[in-house]
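One gets the working numbering by counting positions in the sequence shown from 1 and adding 3 to each.
Note that the Cβ used here is the ideal one computed from N, Cα and C, for glycine as well.
These numbers were taken from a predicted model, which means no experiment stands behind them.
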Amino acid sequence: MVSGIDHLVILVRNLDDAVRDYQQLGFTVTRGGEHPGGTHNALVGFANGSYLELIAFQEPEKPSDHRWYSYLALGGGLVDFALGASDVEEELGRIQQRGLAYRGPMPGARKRPDGQEIAWRMAWPPADRAGDLPFMIDDITPRDLRVPSGDAAKHANGVTGVRSLIIAVRDLDEASGEFAAITGSEPFASGSDPDLKADTRSFQAGRQTLILAYPTSPSSPLATRIQRMGDGPFQAIFGTNQAQPVQITPEQAHGARFVLEANG
């Protein structure tokens, strides 16, 4: 079963710079550690269990076959996202039966700065769809070893978690079929977004909402995202305890676009 958005992946060129800038935006940032594939990360955990992963290549000038390396030349930013699963292997079989060529289960691991080794499993979309479609994740070691919680999930800006994610798509009908297979549900709403100049369809993913958005005008910012990077996550909406909504621009957040909305 899909539990919701596990985390958003934000690719940055320099991790120290990103940590500093996210702290200045009011986020509490926890150093995550190093992955075997030459990347290291820092995490922004939230009270609702979701989190942001700030990830960087330790040698960004060294060519890599890593699935996110090509995004460096495009400026990085919000490049991918993971959906949590109670059992990745079970979800993999279900998605494959729906006709999507997901692969796995594949192992993942990280060594935290305190020396703690953590491990998880993943199911990945086809290699040519990395970033277009979410990957799935479940934990081998306890999840609270992977995801910051407690005081580390409290933030000066009042953010309590990812509420929804807007995903730019080139074909709304095709993407709707894929996300129906991934989430195991049909869209619960269709509409339009005049600010983004887009037609939309919304899917429930655990506690959160995935909003597919198709640009209806060349002047839509979604069209720019698609031309630059293809389909994929465009904007995250967070719940916050602050009264006034806040927009965080890509210039402030190392290529990521956020909206903070007051919790109801």
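Length of the line joining the Cα atoms of residue i and residue j
| i | j | result |
| --- | --- | --- |
| R146 | Q250 | 30 Å |
| A178 | A216 | 10 Å |
| P63 | R16 | 7 Å |
| A88 | L28 | 30 Å |
| L225 | F237 | 7 Å |
| V47 | V262 | 16 Å |
| G80 | Y25 | 13 Å |
| G118 | D174 | 45 Å |
| S53 | K65 | 31 Å |
| R132 | L75 | 17 Å |
| G334 | W71 | Since the displayed the chain opens at 4 and closes at 267, residue 334 lies outside it and no answer follows. |
| H69 | E189 | 32 Å |
| Q245 | G102 | 43 Å |
| T227 | L199 | 11 Å |
| L18 | Y105 | 30 Å |
Neighbourhood of residue i by C-beta distance below 6 Å, restricted to the same chain and skipping five residues each side
| i | result |
| --- | --- |
| V172 | A178, L215, Y217 and D234 |
| R210 | G7 |
Start and end residues, beta strand (DSSP E) containing residue i
| i | result |
| --- | --- |
| A239 | G235 to T243 |
| I8 | V5 to L14 |
| T33 | T33 to E37 |
| D68 | Segment: none, D68 is in no beta strand (DSSP E) and carries neither H nor E. |
| F261 | F261 to A265 |
| R115 | That residue, R115, is in no beta strand (DSSP E); it is neither H nor E in DSSP. |
| T212 | Q211 to P218 |
Beta-carbon proximity list for residue i, same chain, < 7 Å, skipping 5 on both sides
| i | result |
| --- | --- |
| A208 | V5, G7, I8, L86 and T186 |
| P253 | G80, A259 and R260 |
| K114 | G36, E37 and E120 |
| P116 | R34 and G36 |
N- and C-terminal bounds of the alpha helix (DSSP H) containing residue i
| i | result |
| --- | --- |
| G180 | L175 to T186 |
| G1 | Because the chain here runs from 4 to 267, residue 1 falls outside it and cannot be looked at. |
| D147 | R146 to R149 |
For residue i, three-class secondary structure by DSSP
| i | result |
| --- | --- |
| P224 | helix |
| Y105 | coil |
| R132 | helix |
| I58 | strand |
| V91 | helix |
| A21 | helix |
| A76 | helix |
| A156 | helix |
| L40 | Checking the sequence, you will find Gly at residue 40 rather than Leu. Coil. |
| I251 | strand |
| Q27 | helix |
| R124 | strand |
| R97 | helix |
| I229 | helix |
Near the ligand SAH: residue i beta-carbon under 7 Å from a heavy atom
| i | result |
| --- | --- |
| E93 | Absent from the structure shown: the ligand SAH. Ligands present: none. |
Below-8 Å beta-carbon distance, residue i vs any chain B residue
| i | result |
| --- | --- |
| M109 | The structure shown contains no chain B, having only a single protein chain. |
Cut-off 8 Å between Cβ atoms - residues of its own chain near residue i, not counting five sequence neighbours on either side
| i | result |
| --- | --- |
| T243 | N160, G161, V162, T163, V249, L263, E264, A265 and N266 |
With three or more C-beta pairs closer than 8 Å as the rule, is the stretch 90 to 103 touching the stretch 29 to 45?
no
Q. Is there contact here, the stretch 149 to 161 with the stretch 124 to 133, by at least three beta-carbon pairs under 8 Å?
A. no
Next on the checklist: Across the stretch 217 to 228 and the stretch 191 to 201, are there enough close Cβ pairs to call them in contact, namely three or more that are closer than 8 Å?
Outcome noted: yes
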